[in-house]
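Note sheet for the following structure.
Number of protein chains: 2
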Amino acid sequence: MARTTGSHSDITGPRVREAALRLFAKGGYAAVSMRAIAADVGVQAGALYNYTPDKQTLLFDLMQSHMMDLLDAVPDQADAPPEERLRTFVEFHLSFHADRPDAVFIAYMELRNLAPDNFARIEALRRDYEDRLEAILRDGQKAGVFEVADTKIVTLAIIAMLTGVNTWFRSGGRLSLDEVSRQYWDMVRKAVAA
Amino acid sequence: MARTTGSHSDITGPRVREAALRLFAKGGYAAVSMRAIAADVGVQAGALYNYTPDKQTLLFDLMQSHMMDLLDAVPDQADAPPEERLRTFVEFHLSFHADRPDAVFIAYMELRNLAPDNFARIEALRRDYEDRLEAILRDGQKAGVFEVADTKIVTLAIIAMLTGVNTWFRSGGRLSLDEVSRQYWDMVRKAVAA
DNA sequence: TCATTTAATGAACAATCGTTCAAAAGCAAA
DNA sequence: TTTGCTTTTGAACGATTGTTCATTAAATGA
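Line order of the protein sequences matches chains A and B. FYI, the numbering for the first sequence is 1 to 194, going by the UniProt record's numbering. FYI, the numbering for the second sequence is 1 to 194, going by the UniProt record's numbering.
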């Protein structure tokens, strides 16, 4: 056997990425072999190299795609009052991250498995995202509606708090995402209140 | 050569654990070989098996030690008012975790590399720790000094926020631990305030 | 129908993995 | 100094790793 019936790069390509995302998230980049990914797709290991030059690039592409999707999706409403922008940000972060737990997990856990160049590029994207939140906090601080000592610290604290939800939240569990979102917004709102 | 001059289990044993802790934290459990740990200690790979039955147990022992140290150290002051207990908890968490970044990193990142039995035991210890904080929140809620919708959520949110500090805080950086602690307490205090 | 392109196989590569163990050598007590 | 114990070496084990490539067969377009 060589090429199999029904095989097509438009089908196999995405499936490779999906399998890698799921398996990396579950077992960790270093613990998942190319053969394991191939087996999940239903293909031999060699075939993966039609879709990625190597394992490292496969990881990097997954992380970069996630970060770019995130930056594309983050709402930009520069005119609205800071408190409304902050609430929108909180709700966006929770819902966006709840929708793609595997990608989020990888983006936060596999940084150390990136080659230095790749690491720097992902870190830059993450900083871009943090800057979106920090800008809101600074505007609110300037306007006197927020009382925060150090916007950078508060930015990191809020993001850590929100992203932590992904370690326990499961859709269909005790609480709906709306309920979780309401409670986190409550905490954030009070924490930065003047 | 066989046994080397000056070799002694009281010396090599701790050094194996220290090397494993540092290397696991830097590179990840799966990516660090027993030979790499041995080289760091200055010994051949086979010698490690005088100190651990296998690699998995080495990881588990490191995580268990960390969690037990944490539970031993967490202050217990059941009589004090909830707000004071909460402030003490926040300060304790930040200072304890700032002192051992490698152990913290491993305890949060290598859970998926634990065998199921080991995982369950570490998770139980983590829950114990979370329960310490939740008890404070519940007492404050009952006393009417805290206003929190769901103590479990607030517990996880606070711990995620505090532990997130470890991703960026470096002693000797822009901010002292005291200053960081002050700001986090400020946020936590306001977030749970009635 | 036939030639070309695309996609997958499966074997092979050298390297590395965790782990075992007999042999060797330093150490401590007699 | 001799004896027994402790600690380490160094080689070896089979399994697995990421990756390459000639070969083969399905898909496509003329």
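Virtual Cβ for every residue (Gly too), placed ideally from N, Cα, C.
Q) Does the beta carbon of residue 156 of chain B sit closer than 8 Å to a beta carbon anywhere in chain A? A) At least one chain A Cβ lies under 8 Å of residue 156 of chain B.
(Q) Run through the DSSP bridge pairs and tell me what residue 193 of chain B is partnered with. (A) Paired residues: B:146.
Q. Under a CB-based cut-off of 8 Å, is residue 113 of chain A close to chain B?
A. Closer than 8 Å: yes.
**Q.** CB contact flag (residue 180 of chain B, residue 58 of chain B, <8 Å)
**A.** In this structure, residue 180 of chain B lies away from residue 58 of chain B, with their beta-carbon atoms at least 8 Å apart.
Q.
Against chain A, does residue 183 of chain B count as a neighbour if the rule is that its beta carbon must be under 8 Å from one of theirs?
A. When Cβ-Cβ separations below 8 Å define contact, residue 183 of chain B makes contact with chain A.
Q: Within 10 angstroms of the Cβ of residue 167 of chain B, are there 16 or more other Cβ atoms? Answer buried if so, exposed if not.
A: Residue 167 of chain B comes out exposed.
Q.
Just to make sure I have the definition right: I need the residues of chain B whose C-beta is within less than 7 Å of the C-beta of residue 30 of chain A. Which are they?
A. Under the 7 Å cutoff, chain B gives 28, 30, 31.
Q | Cβ of residue 46 of chain A within 8 Å of any chain B Cβ | A | Closer than 8 Å: no.
Q: Would you please verify whether the beta carbon of residue 90 of chain A is less than 8 Å from any beta carbon of chain B?
A: Not a single C-beta of chain B is nearer than 8 Å to the C-beta of residue 90 of chain A.
**Q.** Backbone CA spacing between residue 172 of chain B and residue 100 of chain B [nearest angstrom]
**A.** Just so you know, the alpha carbons of residue 172 of chain B and residue 100 of chain B end up roughly 15 Å apart.
Q) What are the boundary residues of the alpha helix (DSSP H) that residue 20 of chain B is part of? A) Element bounds for residue 20 of chain B: 9-27.
Q: Could you pull the start and end residues of the alpha helix (DSSP H) that residue 108 of chain A belongs to?
A: Taken as a continuous stretch (DSSP letters only), the alpha helix (DSSP H) holding residue 108 of chain A covers 101-109.
Q | Cut-off 8 Å between Cβ atoms - residues of its own chain near residue 139 of chain B, not counting five sequence neighbours on either side | A | Within the same chain, residue 139 of chain B has close Cβ partners 82, 85.
Q. In chain B, what lies closer than 7 Å to residue 164 of chain A by C-beta?
A. Residues of chain B passing the Cβ test: 156, 157, 160.
Q: Please list the partners that residue 150 of chain B has in chain A, where partner means a Cβ-to-Cβ separation under 7 Å.
A: For the C-beta of residue 150 of chain B, the chain A residues within less than 7 Å are, from N- to C-terminus, 183.
Q: Look at residue 18 of chain B and residue 63 of chain B and say whether their C-beta atoms are less than 8 Å apart.
A: Result no, Cβ atoms of residue 18 of chain B and residue 63 of chain B do not sit closer than 8 Å.
Q) In whole angstroms, what is the alpha-carbon distance linking residue 47 of chain B and residue 104 of chain B? A) Rounded to whole angstroms, the separation of the alpha carbons of residue 104 of chain B and residue 47 of chain B is 27 Å.
Q: Using a threshold of 8 Å, state whether the C-beta atoms of residue 88 of chain A and residue 41 of chain A are closer than that.
A: In this structure, residue 88 of chain A keeps its C-beta atom at 8 Å or more from the C-beta atom of residue 41 of chain A.
Q | As assigned by DSSP and simplified to three states, the class of residue 54 of chain A | A | In the structure shown, residue 54 of chain A sits in coil (DSSP, three-state: anything other than H, G, I, E or B).
**Q.** Cβ shell of residue 23 of chain B (< 7 Å), same chain only, five flanking positions each side left out
**A.** Apart from the 5 residues on each side of it in sequence, residue 23 of chain B sits with its Cβ closer than 7 Å to the Cβ of 32, 36, 37, 40 in its chain, given in chain order.
Q | residue 76 of chain A (DSSP reduced to helix, strand or coil) | A | When secondary structure is reduced to three states using DSSP, residue 76 of chain A falls in the coil class, being assigned neither helix nor strand.
**Q.** Within 8 Å, strictly: CB atoms of residue 60 of chain A and residue 114 of chain A
**A.** Contact flag set, yes.
Q. What residue range is occupied by the uninterrupted alpha helix (DSSP H) comprising residue 35 of chain A?
A. Unbroken alpha helix (DSSP H) run through residue 35 of chain A: 34-41.
Q. When DSSP labels each residue in this structure, what does residue 115 of chain A get in the three-state scheme?
A. Residue state, collapsed to three classes: coil.
Q) Helix, strand or coil for residue 98 of chain B per DSSP? A) Residue 98 of chain B: helix per DSSP, three-state reduction.
(Q) At the 8 Å Cβ level, is residue 34 of chain A part of the contact set with chain B, yes or no? (A) At least 8 Å separates the CB of residue 34 of chain A from every CB of chain B.
Q | 8 Å Cβ cutoff met for residue 102 of chain B and residue 21 of chain B | A | Yes, Cβ-Cβ distance for residue 102 of chain B and residue 21 of chain B is below 8 Å.
Q | Cβ contact (3+ pairs, closer than 8 Å) linking the region 128-145 of chain A and the region 133-152 of chain B | A | Verdict: no, contact absent.
Q. Is it the case that the Cβ atoms of residue 127 of chain A and residue 74 of chain A are separated by a distance below 8 Å?
A. Their beta carbons are not under 8 Å apart, which means residue 127 of chain A does not touch residue 74 of chain A by this criterion.
Q. Whose Cβ in chain B lies nearer than 8 Å to the Cβ of residue 109 of chain A?
A. Within 8 Å Cβ-Cβ: 109.
Q) Going by Cα to Cα distance, which pick from A:34, A:16, A:165, A:43 is closest to residue 4 of chain A? A) Closest in alpha carbon position to residue 4 of chain A, among A:34, A:16, A:165, A:43, is A:43.
Q: Go ahead and pull the three-state DSSP assignment for residue 5 of chain B.
A: DSSP places residue 5 of chain B in coil when its eight states are reduced to three.
(Q) Using the three-state DSSP reduction, which class does residue 44 of chain B fall into: helix, strand or coil? (A) In the three-state DSSP reduction, residue 44 of chain B falls in the coil class, being neither helix nor strand.
(Q) Just to confirm, is the Cβ distance from residue 196 of chain A to residue 7 of chain A under 8 Å? (A) Residue coverage of chain A in this structure runs from 1 to 194, which leaves residue 196 of chain A outside it and unanswerable.
Q: Find the nearest neighbour of residue 197 of chain A within the set A:185, A:155, A:27, A:118, judged by alpha-carbon distance.
A: One cannot answer for residue 197 of chain A here, as it falls past the ends of chain A, which runs 1 to 194.
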